[in-house]
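Q: Chains as they are written, first to last, in my numbering: chain A, 18 to 318; chain B, 18 to 318; chain C, 38 to 262; chain D, 38 to 262; chain E, 38 to 262; chain F, 38 to 262; chain G, 38 to 262; chain H, 38 to 262.
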Amino acid sequence: TEDKKESDVDESSPVIQMFKCFQKQLDQRHDKYERIVKLNRDITIESKRAIFMLQRVTVAGDCSDIFQQVDEKLLAVEKTKFLEIAKEIEQEDPFQFLRAYSSGLQEYIEALSFNYFLKNNSLIKLEDVQARLSFKRESSEKTVDSASDGQVKDANPDIKDPIMDVKDTNLDNVKVTNTDGINCSEVPIEMDTTDSDLSVYIPNSEYILGVADLTGEMMRRAINSVGSGDLERPFEICSFLREIESAYSSLGNANREVNRKLHVLRQSLRKVETACYTLRVRGSEVPKHMLIDMISKTNIN
Amino acid sequence: TEDKKESDVDESSPVIQMFKCFQKQLDQRHDKYERIVKLNRDITIESKRAIFMLQRVTVAGDCSDIFQQVDEKLLAVEKTKFLEIAKEIEQEDPFQFLRAYSSGLQEYIEALSFNYFLKNNSLIKLEDVQARLSFKRESSEKTVDSASDGQVKDANPDIKDPIMDVKDTNLDNVKVTNTDGINCSEVPIEMDTTDSDLSVYIPNSEYILGVADLTGEMMRRAINSVGSGDLERPFEICSFLREIESAYSSLGNANREVNRKLHVLRQSLRKVETACYTLRVRGSEVPKHMLIDMISKTNIN
Amino acid sequence: MQHENNISQVFSDYQKYMEDEQQIREEIRTVVRELEQTAREILTQLQSVHQTNGIKSVSSICDKCVPMFETVREKMASLNSKIPVNQYYRYNDQWRFSLQRLAFLSAYLTYLQSETLVTRESVAQIIGVKVDRQDGFHIDLDDYLMGLLQLASELSRLAVNAVTAGDYGRPMKIAKFVAELDSGFRLLNLKNDSLRKRFDGLKYDLKKVEEVVYDLTIRGLKPAE
Amino acid sequence: MQHENNISQVFSDYQKYMEDEQQIREEIRTVVRELEQTAREILTQLQSVHQTNGIKSVSSICDKCVPMFETVREKMASLNSKIPVNQYYRYNDQWRFSLQRLAFLSAYLTYLQSETLVTRESVAQIIGVKVDRQDGFHIDLDDYLMGLLQLASELSRLAVNAVTAGDYGRPMKIAKFVAELDSGFRLLNLKNDSLRKRFDGLKYDLKKVEEVVYDLTIRGLKPAE
Amino acid sequence: MQHENNISQVFSDYQKYMEDEQQIREEIRTVVRELEQTAREILTQLQSVHQTNGIKSVSSICDKCVPMFETVREKMASLNSKIPVNQYYRYNDQWRFSLQRLAFLSAYLTYLQSETLVTRESVAQIIGVKVDRQDGFHIDLDDYLMGLLQLASELSRLAVNAVTAGDYGRPMKIAKFVAELDSGFRLLNLKNDSLRKRFDGLKYDLKKVEEVVYDLTIRGLKPAE
Amino acid sequence: MQHENNISQVFSDYQKYMEDEQQIREEIRTVVRELEQTAREILTQLQSVHQTNGIKSVSSICDKCVPMFETVREKMASLNSKIPVNQYYRYNDQWRFSLQRLAFLSAYLTYLQSETLVTRESVAQIIGVKVDRQDGFHIDLDDYLMGLLQLASELSRLAVNAVTAGDYGRPMKIAKFVAELDSGFRLLNLKNDSLRKRFDGLKYDLKKVEEVVYDLTIRGLKPAE
Amino acid sequence: MQHENNISQVFSDYQKYMEDEQQIREEIRTVVRELEQTAREILTQLQSVHQTNGIKSVSSICDKCVPMFETVREKMASLNSKIPVNQYYRYNDQWRFSLQRLAFLSAYLTYLQSETLVTRESVAQIIGVKVDRQDGFHIDLDDYLMGLLQLASELSRLAVNAVTAGDYGRPMKIAKFVAELDSGFRLLNLKNDSLRKRFDGLKYDLKKVEEVVYDLTIRGLKPAE
Amino acid sequence: MQHENNISQVFSDYQKYMEDEQQIREEIRTVVRELEQTAREILTQLQSVHQTNGIKSVSSICDKCVPMFETVREKMASLNSKIPVNQYYRYNDQWRFSLQRLAFLSAYLTYLQSETLVTRESVAQIIGVKVDRQDGFHIDLDDYLMGLLQLASELSRLAVNAVTAGDYGRPMKIAKFVAELDSGFRLLNLKNDSLRKRFDGLKYDLKKVEEVVYDLTIRGLKPAE
Ligand SMILES: [Mn+2]
Ligand SMILES: [Mn+2]
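1) Can you tell which of C/Ala202, C/Tyr251, C/Val168 and C/Leu83 has its C-alpha closest to the C-alpha of C/Val103?
2) Given the structure, does C/Asp230 come close to ligand 1, in the sense that its CB is under 6 Å from one of the ligand's heavy atoms?
3) Counting only the same chain and skipping the five closest in sequence on each side, list residues whose C-beta sits under 8 Å from that of B/Asp209.
4) To which residues of the same chain is B/Lys314 closer than 7 Å at the C-beta, ignoring the five residues directly before and after it?
5) Residues in the same chain with beta-carbon distance under 7 Å from F/Lys210, minus the five sequence neighbours each way, listed in chain order, please.
6) Using only the alpha-carbon positions, how far apart do D/Arg233 and A/Val289 sit?
7) In whole angstroms, what is the alpha-carbon distance linking E/Tyr181 and E/Leu154?
8) What three-state label does DSSP hand H/Ser97 in the structure shown?
9) Is A/Glu234 near ligand 1, going by C-beta to nearest heavy atom under 6 Å?
10) With contact counted as at least three CB pairs below 8 Å, one residue from each stretch, are the stretch 109 to 129 of chain E and the stretch 121 to 138 of chain G in contact?
11) First and last residue of the alpha helix (DSSP H) that includes C/Gln187?
12) Starting from A/Asn221, follow the alpha helix (DSSP H) in both directions and report where the run begins and ends.
13) So which of B/Leu43, B/Met70 and B/Tyr294 has the shortest CA-CA distance to B/Phe131?
14) Rank E/Asp179, E/Trp132, E/Gln52 and E/Phe48 by C-alpha distance to the C-alpha of E/Arg66 and give the top, closest one.
15) Can you pull the chain C neighbours of B/Asp48, defined as C-beta to C-beta under 8 Å?
16) Going along chain E, which residues have a C-beta under 7 Å from F/Arg157?
17) For D/Arg62, I'd like the list of residues in its chain whose CB is within less than 8 Å of its CB, leaving aside the five on either flank, ordered along the chain.
18) Output needed in chain order: residues of the stretch 58 to 84 of chain C with a Cβ under 8 Å from some Cβ in chain B.
19) Quick check on the DSSP output: the alpha helix (DSSP H) that includes D/Lys215 runs from which residue to which?
20) Tell me the DSSP bridge mates of B/Ser216?
21) Quick one: what's got a C-beta closer than 8 Å to B/Lys90's C-beta in the same chain, skipping five residues either side?
22) From E/Tyr148 to F/Ala199, what distance separates their C-alpha atoms?
23) Here's a check: name, in chain order, each residue in its chain whose Cβ is nearer than 6 Å to the Cβ of D/Phe141, leaving out the five neighbours to either side.
24) Run through chain B and tell me which residues come within less than 9 Å of A/Ile62, C-beta to C-beta.
25) Is C/Lys244 close to chain A, meaning its C-beta is less than 7 Å from at least one C-beta of that chain?
26) Check the Cβ-Cβ distances between D/Glu217 and every residue of chain B, and say whether any is below 7 Å.
27) According to DSSP, is G/Lys167 part of a helix, a strand, or is it coil?
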């Protein structure tokens, strides 16, 4: 083994040069992944907080400022965190880093669709969600004339135009400058991108998983409604949940994650059905004359 | 339930005021936790990279620049990431947020102690690690005269003074300004802190867990040594690992995490013992005269 | 050999560290067990309001409980003395559950006495701890909140049993109180922890109480306010 | 009802999305199975170098393999045609293992032919894929590296069997080659993934080869260089 | 060499054998997937009785389901034709779950039509299988019973929703029916398997239904029998 | 060789030892299976009180059960005879569940007969075992208490069904009884075991019964005491 | 009532059905236990080749084993008689492991006797089963192959111990044999099951044997072929 | 009221019973912890034979251990005194693991002293317990066997380290000893328990030792017998 020393790391060896290049590529990718993971955590937290805010909405109170706050919060998440992710994964296969931000994306979809349901009593469409995560490029030389197809069609006026200008974020475009003449970037970053917008692509499966989580919030909302005296909401929600449950159930070959969430969805539906049952069975007890009597009494108070 | 409306959220109610205060406190705490978690991820990654660099050290090559790079990397982690954590947990019970940075701390201890072992052939002491995570306060009015007891006593000259000046970090001190006159901070932040240094406290148990991980790196080092023709290292490491194994084994009532790592440690020791066995049994095969013959031949090459 | 002594030193330090910890844990366990014993006695006392004539003797039941908290404060002082400075969170799994239970008992007693929501400051005073960590052994915000959630659950049961005992006014007041508590909790951004899980039950407590109020209302049994 | 249609639309879209995916997956599965069949045949061919007279007929063995890669390239073109643009990483679990295996086979063949390390570009060319994602169906850096690690393992076995077959020069060259590969890999910062796990085995391969060199050296069997 | 041919023979036989088996498994999978699709459609149909006006259109809902079972029988015949003689138990993990589901659907349909318990013979007839193993593709007793337990669970949900929809008579009949099922199952000495686990849920279903009956009774809503 | 014989001796001893143990386990299994059969029959009998006319024939139902316990005692004697001296705890996992079930049945029968709480002594007498370990095959306190918790659950169900059957007095008495059980259990400092887990269910049983009483009260259906 | 009888009939049928199955399972268990006893004895006998003088008495060791397979065949006939027609796959988990073990023993014996690979036909004959499913109780190809993989593992151990016992020729022959087995298995497209997992071990067995040959070669101990 | 006293009596009895049990458990825990401490010290001592010069000082290492078993016997006597008559199996989970460990240590010491297999009688004597259950605190056969399996594992490590330390004779003797242990265990029809699982490791220990012997043999390092 004496000749070991001869074969010691030879900095000029092509193999070593090649691996130095690999090292840079791997580190770049890992760093990017890590940055996305951090954005993902931020998105998760902000979306959860938006959901909490929405659970504070009561029929009786004045809720317009809550909705406004939520709209602002969601918009802020889109314009900062999601935009940053969009920049990170520009030119990448959208599925390559999906695992790094999937949980945040689902939580965001949960929040957004809950907000939408409370305002419109219906389910937000995937295209509308996707439109919110599609951004105009600030530095584009030519203006984008063709408006995206995915615009929210019957959106509440509270929801801002989903294609938003990106001005107040100060992310640098990551440029990989190659120090020693070898192309070490796994992916050439510099491309003509002036005519393409930035976006965070939402696979249909992520959307469906986010909507599954929405049903849990709907259940909470239904029970809260009983507590706060809104006796119609639970029936509306029950009917909505039944439709969603039925739609989920008729999916063939759904993946395991969907099935797991479907189980929770069914439990939520049972809870809402039981609440409706209780409302009905208790409501049935009042004879007409007593009800009139009761209402008049209440009015005196 | 008609009188429900009367009891709707009353913004001026003391209960609601109280809960608004709770809201701020909880959010502050969660935000702090989240910031620490992110620092923890950074520490983990940087420490892992330092370990990889150290595994590149070979006896034959010129390693002083690797050591220098590792020293710089560790110092950078301390002066930025750990210092930020120290600022976050200043005035807090050090155990309150430990879970948020425990994994990074252990990985850092693993890297630091590996570095130390390769230079000094011995185990770095807890006090020495602690000293590196203790910082002078930049803004302190009076200079800290009493040098910390925890200075590295027989440290390699490569290791910089562990009590380091904090100049090149630009963290603002988090000040909680109370907008509505109620003290909403769970912990009053403003205190006379001029005479106290900042530090990230290292519980002995974290140190022990970090050292347990070190043994895995030592095993890698031992096997690599055989591959690169350094036939003495494995025996040294074997002896060192046996001592550590014996020390771990004699701990009473060790916690589950220690026991899990001890299991891995034992496997590593077995691997190193087998490597030593192979060296010995093969080495035994050379008759004296052949060995001489062999050496002379090698010299010719 | 140089580093051998080094290693044994390291590990004997750690052995010492662990033994100290174990010692402290055992002392804590003993005090906590006594605390729980007292808490069980207070609870038994307070739960007698659910019994047939309990609702009529609320104030005498409360009077019996008050001195029992004296014992709580003594045990708490003893517990405090066991915990090294700045290590509350190292050991707090051991008393966390008991502290929540005591926060609940304080809140329940306070409600029965005055129909008001106990503050964290009052809880701290009643059970003999601090509010702020810096001041010594304290009660965490989370634990105080957990106690309030237990209170809501207990009150929803009380609303039912009050009706059984012929007290039709109490459910109305409980309903107002629990609704306010619910509004308060909804302001919080909870993590997916035990507090969140318990909070998820609050809406059912409120619903139950509302149903009792409804039952009384439709039968004209609601007393004039 | 307004939102009902809404909901059915959403879910029928998803049903469609899933069915498309399943369709693609099945097509991929079929091609990958054929690829694996070819890979197995190449491997069987290449492994015959371990057999008694194999070491002496390395070049004819290689010659037999070369045309088999033509089939690989055809299958690969077919595989490429199945994958929608920008969805490589949606499905790549299905072929990842096969791609690593093919990278290994290319690397092994290249080594046997020229005793050099195959580049990623060459692998790509041999098996008919691209190097860069943008250019089409490509081979990931990770998968190429995995192939190299499999090569190291195969070569350590070859060093042993070469000695058995009386070829004492080959182990020396293998040792140099594997040592350089090891130096290269040590430059990488690997995550705790399968690549890291496999890399952990590389040091044992190197150790084994060094032992063979040692055995030859002490017996004076090492040929003059 | 004699035994080398021998060896290759062994392995090429095996390759054939495995491919045949895989072929069979894939064919079964395809038919089972279609069966499940039909089962899902029947279920969606039957579950519409829970919806707001569903309880009033039970008979028309049933009418819509009846022809769908024709499809089931066709698929079942096709499934039967895929299974090699005597190998029912080799593959039955693939359809066991679907068979239980179909047993449940038959039982549910029968209950909605006539408020009676479907027999195993009827299930077999409805879904187009045999009762006895020796007569061909059959339904095992375990699978039939699993279907009945699923029925109990569905009926307890129906009792609740029937009341919501204003049908106060149905829960009484459901209660009687589920109580009888419960008595039947109690006689069995079940092993510790999935059937036992599912049976443990039956008592909750029964309790739920009894509570519905109670709620109606105490409010005088129970219709005269 | 001396120690070789030694070694075989060790292993043949062990073979014998294991076979003996297996023999005993199988004998126990057989008797326990018979015990469970009898227990199921008693339970079926006792559960008929939930049925439409059951509540009116409580005493005749009880009369039918009494002789069935004779069989229990016989089986128990047989079981006792299978257990080697001092090895109760070696095998008690095999009958523990059945013993708890029998304790429950004794407690239920006793309650139905006399509305009193069965003592451990009575349970022991009814099922033919000892109270004290040293006197022979005995029933552990844990198992007796587990039986009582099962009783509470059964009684909460009975309260509901009694109302359905028009018996408005029984729920009051059940409420009082279950409240006492609850107070009793609250005194205990339970470990975190299966008893504790089951005890957590007791408060739901109590709550349910209290709600039944509430329902009767608010509707003026509570009979004068 | 009509359907009530119906219900009890369903359940008493099921009780009967379950008891029958249990009976069959227990009978199978008994025979399998005896089979395993015999298999252990054969194994003990065959493993004595590893002992100091074992390698020299291979043929007499084989002779002792041959009659022991007579017992195997008897037990196998008995096992066969317990299985209801067409239900091989319902119960085969109970004997699968033993069958694989016996396939291994047959293969080992055959190798020791003639250094050839046993065919599935021979295995079937040696242990008294059929090759084809339709002819009766048979051995599946998977189980036969599993036996071969166990053989490879045993032979790699034998190669080591043969050298210890001074038999330098045997490892060469074993190496050749195991390499052929390896080539054979490599042709298969194995599913991800237990066979695949076990196959992954084959390469280590082969490597070990190759290293033994290497060790002999480098020391000039390899006998002339 | 009669039965109310009854109820409180039941629960205060139980409180007493639980406290007694807890008391016993804690006393056992304390003694077992001390036992384990001593066991750890003996192990540390015995494991020093693996260290560089350990193999040469086996007999002095053994001498140091002998008096440490005196402490074991004392602790064991103390443990025995804590266990109520006939309740060995109620608590034996608490010391089972330690007993196995001590059986291993006795076996290891005995082997190092005399290269013989310790008998269960000797283990019992060394650690101060009985062999037969009826004579008092005893060691079960399972626990003794578990100790022997730990010994095999330790000896395989010793064989390796002995060679490293230049002792080439020891591995031969270890190989013979472990082979005998293996033959013994092979006779047993082990249940699927922890003993079986551990036994599965024995064949790897044996293989390891055989390979050490092989390595020595092929290099001519095997000392003349
Ligand atoms: Mn949610
Ligand atoms: Mn590490």
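No residue lacks a Cβ here, since even glycine has one placed at the ideal position from N, Cα and C. Just so you know, these numbers come straight off a predicted model, no measurement behind them.
A: So, to answer that:
1) Per the Cα distances, C/Leu83.
2) No; taking the cut-off as 6 Å, the Cβ of C/Asp230 has no heavy atom of ligand 1 nearer than that.
3) Caution is warranted here: a pLDDT of 42 is assigned to B/Asp209, below 50, making its placement in the model unreliable, and the coordinate value is therefore given only provisionally. Counting only Cβ-Cβ distances below 8 Å, and skipping sequence neighbours, we find nothing.
4) Bear in mind that a pLDDT of 47 at B/Lys314, under 50, signals an unreliable position, so the number given afterwards is only what the model happens to contain. Excluding residues within five positions, none has a Cβ falling inside 7 Å.
5) Within the same chain, and ignoring the five residues on either side of F/Lys210 in sequence, the residues whose Cβ sits closer than 7 Å to its Cβ are Glu152.
6) So the alpha carbons of these two residues sit roughly 49 Å apart.
7) Taking the straight line joining both Cα atoms gives about 12 Å.
8) In the structure shown, H/Ser97 sits in a helix (DSSP, three-state: H, G or I).
9) The answer is yes for A/Glu234.
10) Yes, the stretch 109 to 129 of chain E is in contact with the stretch 121 to 138 of chain G.
11) Start and end: Leu178 to Thr201.
12) For A/Asn221, the uninterrupted alpha helix (DSSP H) segment begins and ends at Asn221 to Gly244.
13) Nearest C-alpha to B/Phe131: B/Met70.
14) E/Trp132 is the residue among E/Asp179, E/Trp132, E/Gln52 and E/Phe48 whose C-alpha sits nearest the C-alpha of E/Arg66.
15) Against B/Asp48, chain C offers no close residue; the least beta-carbon distance is about 10 Å (beta-carbon pairs closer than 8 Å).
16) Here the premise fails: no neighbours, minimum Cβ distance about 26 Å.
17) Cβ neighbours of D/Arg62 within its own chain (closer than 8 Å, five residues either side excluded): Tyr128 and Gln131.
18) Residues Gln59.
19) Reading off the sequence shown, one finds Val at residue 215 of chain D, where the question assumed Lys. Per DSSP, the unbroken alpha helix (DSSP H) holding D/Val215 starts and ends at Arg207 to Arg223.
20) B/Ser216 pairs with B/Ser151.
21) Take B/Lys90, set aside five residues on each side of it, and the residues of its chain with a beta-carbon closer than 8 Å to its own are Glu63, Arg66, Ala67 and Met70, in chain order.
22) One C-alpha to the other measures close to 27 Å.
23) Beyond the five residues adjoining it in sequence on each side, D/Phe141 comes within less than 6 Å, by CB distance, of Gly184, Gln187 and Leu188 in the same chain, given in chain order.
24) Against chain B, a Cβ distance below 9 Å from A/Ile62 picks out His47, Asp48 and Glu51.
25) C/Lys244 has a beta carbon lying within less than 7 Å of a beta carbon in chain A.
26) Chain B contact via Cβ: absent.
27) Residue state, collapsed to three classes: strand.
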